[in-house]
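Trainee:
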Amino acid sequence: MNLITVSGPPSSGKTSVILKTIESLKKRGIAVGVVKFDCLSTDDDLLYEKAGLPVKKGLSGALCPDHYFVSNIEEVTEWGLSLKLDLLITESAGLCNRCSPYIQDIKAVCVIDNLSGINTPKKIGPMLKMADIVIITKGDIVSQAEREVFASRVNTVNPSAVIMHINGLTGQGAYELSTLLFDETITLDTLKGKKLRFSMPAALCSYCLGETRIGASYQMGNVRKMEMGEKQ
Amino acid sequence: MITAVQLQKETIERLVVTYPFLESFFSDNNLDVIQKEGLTLEEYFNTFDEEEIENKALDKEQALNSMVEYINGMVQFLGSTEEEAIRTLTILPGTDKSGNPEQFEQITIKQSEIICIVGPTGSGKSRLLGDIEWVAQNDTPTSRKILINEEKPDMKWRYSSGNKLVAQLSQNMNFVMDLTVREFLELHAKSRMVENEEEVIARIIEAANNLAGEKFIPETPITSLSGGQSRALMIADTAILSKSPIILIDEIENAGIDRKKALELLVSEEKIVLMATHDPLLALMGDKRIVIKNGGIHKVIDTSQNEKALLEELEKMDNRVQDLRSRLRHGEQLDNVNF
Chain A
0 MNLITVSGPP SSGKTSVILK TIESLKKRGI AVGVVKFDCL STDDDLLYEK AGLPVKKGLS
60 GALCPDHYFV SNIEEVTEWG LSLKLDLLIT ESAGLCNRCS PYIQDIKAVC VIDNLSGINT
120 PKKIGPMLKM ADIVIITKGD IVSQAEREVF ASRVNTVNPS AVIMHINGLT GQGAYELSTL
180 LFDETITLDT LKGKKLRFSM PAALCSYCLG ETRIGASYQM GNVRKMEMGE KQ
Chain B
0 MITAVQLQKE TIERLVVTYP FLESFFSDNN LDVIQKEGLT LEEYFNTFDE EEIENKALDK
60 EQALNSMVEY INGMVQFLGS TEEEAIRTLT ILPGTDKSGN PEQFEQITIK QSEIICIVGP
120 TGSGKSRLLG DIEWVAQNDT PTSRKILINE EKPDMKWRYS SGNKLVAQLS QNMNFVMDLT
180 VREFLELHAK SRMVENEEEV IARIIEAANN LAGEKFIPET PITSLSGGQS RALMIADTAI
240 LSKSPIILID EIENAGIDRK KALELLVSEE KIVLMATHDP LLALMGDKRI VIKNGGIHKV
300 IDTSQNEKAL LEELEKMDNR VQDLRSRLRH GEQLDNVNF
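In structure tokens form, the structure reads like this:
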């Protein structure tokens, strides 16, 4: 089985891109399944179901979504293997710009959109910098110049990635992406022993554990203060 | 080709002198090098303590490799010149949606030619354009092959981000940035690494004003341009600043822009123009038109002498309509117009 991790900011078009790409993969007779990670709620699993795909969803709820992802990815892989999938795609949202669910030796795809503004590539950390393939969506809503500027900014922060433009609505570019996703020479049996490409955002302060009161005396653990200058 | 080992030993100052484009690399990667220019790259990375590394989500090895990749990519991008000019684009036949072979031997399009693409929605126009952009090699659903300068093309066209084969002018006329025309063009020029920035910007604004019915100035915010002005700016910008040798156009709406001049501008910049349109005025301006049916190229029609004559009539009619439009704009009454 091949495993692909797809991530990107909310509403960047991950689900649309994945669905359009799977259409091409299915025509080649490749058995694909999807696991959707989200925080509070998602209906994207229904879209995958409607497309006739085996799908699981995981909601992280009160936990850091990335920590939740990495705590579950091994079981998710086992699920894919038990269904004898050729290709398992995980989809997760990068919510804090510091997220990065990528795993070493597992193909990593980042989806970002032209509408997010040209300074966005600079703001997104490892999720963009460490991706193997960067998909830029919503190109039909901006000008050629804006597309070129945006792509060049992406290239500055991740010069080694393959950068592709895909229209998630029409599927333009999705066929091309599908040719880069499945590699029949890869057989993944387990994720045990594999490592993340980059550490996840750190946490564990009193607020992680349910504290709601405000004030220094309630703060414990991994707490950091802003630099506010000298007091008047 | 520079390597990571060589890079580490150089001072930041020398690196920026040798590779001026590194300035944007440092700033886009949130690496503050001000007042640290005297340090070698290795020394610079060693100035970060563990907490800073964690907070900046910095990975020294990744940053270094990424920099090597960036420098080599940029050097190649800046060095690519005329020798790689695209003189011809050739389409070799594949099959339509039912698997029937396409009925043509080959279609060769030369620099400065305009080719129109016609066919109902869903007939496969986008797939043809997709095949060209992906320089298909019998590896897309249509099994077509694309040649450049009559040879099997370099596959770099598929993956290069700064050097795309095809630039697209879509129907959309919005900008999503909030900048003046000058700032907008500066941004684009910087990303293309052009040397004579001021001159290029002035040329684009002049060309755009030559296409638009109403003139704008460099200080006009792009968000307050009219539809026609935006369109004119996008076309002039793509013609002059975009490096892509092939321009794809999805209709040009007939509002506040001289479409004939727009096509002339693109052609004068030695672009190959592919245009999906059913507007007779545009379609007949093409040298040929490709008719798409059921996912395949059904036939190729050369624009005939009679059609050229018809185009002249259409242009006269169009000019009259444009004239009336301009008179309305200036507050005139149209009581005594004979049509």
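In the order they appear, the protein sequences are chains A and B. Under numbering that gives the first Met the number 0, the first residue of the first sequence is numbered 0, with each subsequent residue one higher. Under numbering that gives the first Met the number 0, the first residue of the second sequence is numbered 0, with each subsequent residue one higher. Where a beta carbon is used, it is the ideal one built from N, C-alpha and C, also for glycine. Note that the structure is a prediction, hence the values are computed from the model and not measured.
1) Please name the residue or residues paired with Gln136 (chain B) in a DSSP beta bridge.
2) Put Phe47 (chain B) into one of helix, strand or coil per three-state DSSP.
3) Met199 (chain A) versus chain B: which residues are under 7 Å apart at the beta carbon?
4) Just to check my reading of the structure: Glu145 (chain A) and Ser190 (chain B) have Cβ atoms closer than 8 Å, yes? What is that Cβ distance to the nearest angstrom?
5) Does Asp58 (chain B) have its Cβ less than 8 Å from a Cβ in chain A?
6) According to the neighbour-count rule (16 or more other Cβ atoms, all chains shown, within 10 Å of its Cβ), is Tyr69 (chain B) buried or exposed?
7) Taking 8 Å as the CB-CB limit, is Ala92 (chain A) close to chain B?
8) Given a threshold of 16 other Cβ atoms within 10 Å of its Cβ, counted over all protein chains shown, does Pro244 (chain B) qualify as buried or as exposed?
9) Taking only beta-carbon atoms, is Leu280 (chain B) less than 8 Å away from chain A?
10) Mark Ala308 (chain B) as exposed unless 16 or more other C-beta atoms lie within 10 angstroms of its C-beta, in which case mark it buried.
11) List the whole-angstrom C-beta distance separating Ala92 (chain A) from Pro64 (chain A), where the pair is believed to meet the contact cut-off of C-beta under 8 Å.
12) So, does the CB of Val199 (chain B) fall closer than 8 Å to a CB anywhere in chain A?
13) Does the beta-carbon distance from Thr4 (chain A) to Thr89 (chain A) come in below 8 Å?
14) Between which two residues does the beta strand (DSSP E) holding Ala166 (chain B) run?
15) On the CB-based measure, 16 or more other CB atoms within 10 Å of its CB, does Gln143 (chain A) come out buried or exposed?
16) Does Met129 (chain A) have its Cβ less than 8 Å from a Cβ in chain B?
17) Phe47 (chain B) to Ile145 (chain B), Cα distance in whole Å?
18) With a CB to CB cut of under 6 Å and the five nearest residues on each side skipped, what residues in its chain are close to Glu314 (chain B)?
19) Taking the alpha carbon of Arg381 (chain B) as the reference point, which residue from B:Met274, B:Glu269, B:Pro279 and B:Ala275 has its own alpha carbon closest?
20) Between the segment 92-108 of chain B and the segment 284-300 of chain B, do three or more beta carbon pairs fall short of 8 Å?
21) Measuring straight from C-alpha to C-alpha, what distance separates Ser229 (chain B) and Thr276 (chain B)?
22) Using a Cβ-Cβ cutoff of less than 6 Å, which residues in the same chain neighbour Asp95 (chain B) once the five nearest sequence positions on both sides are dropped?
23) Would DSSP call Val320 (chain B) helix, strand or coil?
24) Under 8 Å, do Gly121 (chain B) and Val290 (chain B) count as touching if we go by C-beta distance?
25) Just to confirm before moving on: does the CB-CB distance between Leu186 (chain B) and Leu178 (chain B) stay below 8 Å?
26) Could you give the distance in angstroms between the alpha-carbon of Ser11 (chain A) and the alpha-carbon of Glu311 (chain B)?
27) By Cβ distance below 7 Å, which residues in the same chain neighbour Pro279 (chain B) in space, the five residues on each side in sequence not counted?
28) In chain A, which residues lie less than 8 Å from Asp236 (chain B) when you measure between Cβ atoms?
29) Give the residues of chain A in contact with Ser169 (chain B), contact being defined as C-beta atoms less than 7 Å apart.
30) For Ile203 (chain B), report the span of its beta strand (DSSP E) as first-last.
31) Note the first and the last residue of the continuous beta strand (DSSP E) segment covering Gly79 (chain A).
32) Can you tell me whether Ala115 (chain B) is buried or exposed, with buried defined as 16 or more other CB within 10 angstroms of its CB?
33) Please return the same chain residues whose Cβ sits closer than 6 Å to the Cβ of Val33 (chain A), not counting the five positions on each side in sequence.
34) Ends of the beta strand (DSSP E) at Arg86 (chain B)?
35) Have a look at Met66 (chain B) and Phe24 (chain B) and give me their C-alpha separation to the nearest angstrom.
36) Could you check whether Asp131 (chain A) and Ala160 (chain A) sit closer than 8 Å to each other, using their CB atoms as the reference points?
Mentor: The answer reads as follows:
1) B:Lys144
2) coil
3) What Met199 (chain A) touches in chain B: nothing, since even the nearest Cβ is about 10 Å away.
4) Not quite, the Cβ-Cβ distance comes to about 10 Å (not below 8 Å), so this is no contact.
5) It does: the Cβ of Asp58 (chain B) has a partner Cβ on chain A nearer than 8 Å.
6) buried
7) no
8) The residue is buried, with at least 16 neighbouring Cβ atoms inside 10 Å.
9) no
10) exposed
11) 7 Å
12) Not a single CB atom of chain A sits nearer than 8 Å to the CB of Val199 (chain B).
13) yes
14) Counting along the chain, the beta strand (DSSP E) containing Ala166 (chain B) begins and ends at Val165 to Leu168.
15) So Gln143 (chain A) counts as buried.
16) yes
17) Taking the straight line from one Cα to the other gives about 50 Å.
18) none
19) Residue 381 (chain B) is absent from the model: chain B starts at 0 and stops at 338.
20) yes
21) 20 Å
22) Asn293, Gly294 and Gly295
23) helix
24) no
25) yes
26) 46 Å
27) Leu313
28) Ser142, Gln143 and Ala144
29) Asp139
30) Note, Ile203 (chain B): premise wrong, no beta strand (DSSP E); alpha helix (DSSP H) at Glu196 to Leu210.
31) According to the DSSP assignment, Gly79 (chain A) belongs to no beta strand (DSSP E) but to the alpha helix (DSSP H) extending over Pro64 to Ser81.
32) Here the sequence assigns Cys to residue 115 (chain B), which means Ala is not the residue at that position. Result: buried.
33) Cβ neighbours of Val33 (chain A) within its own chain (closer than 6 Å, five residues either side excluded): Tyr47, Leu52, Val54 and Ile88.
34) Segment: none, Arg86 (chain B) is in no beta strand (DSSP E) and carries neither H nor E.
35) 8 Å
36) Going by C-beta atoms, Ala160 (chain A) is nearer than 8 Å to Asp131 (chain A).
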